[in-house]
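Input: a single structure, listed below in structure tokens.
Residue numbers (UniProt numbering): 1 to 108.
Listed below in structure tokens is the structure:
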């Protein structure tokens, strides 16, 4: 791990402490990943604050559609406001539309 923010505060923290804080964050992410039936969690950035502690600042989360019955509170947040017309139409017929930018795939 590099310290892009400058020097470590002298006498206050060690690299072992920083790695320990990072390990705790990774463990919490793994527990969350399992708890919410995620298929992907992407963290960017993973940052160190002034006192040396390490945190996940921003994340992209993808959830397993097959777990919607267990994760109703999460899937209720998925509104049509962020969906394209094609995605809304597919949803009305019980499908999910995926796109990689130039081709589409329907899953039912």
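Glycine is no exception: its CB is placed at the ideal position from the N, C-alpha and C atoms. On a predicted model such as this, the values are computed, not experimentally measured, just so you know.
Check                                                                                                                     : Outcome
Could you please give me the residues that DSSP links to residue 46 through a beta bridge?                                : 56
Using the beta-carbon count (16 or more within 10 Å), is residue 48 buried or exposed?                                    : buried
Please state the DSSP three-state secondary structure of residue 93.                                                      : coil
Just checking my contact of residue 52 with residue 12 at CB under 8 Å: how many whole Å lie between their CB atoms?      : 7 Å
Give the straight-line distance between the Cα atoms of residue 15 and residue 35, rounded to the nearest whole angstrom. : 30 Å
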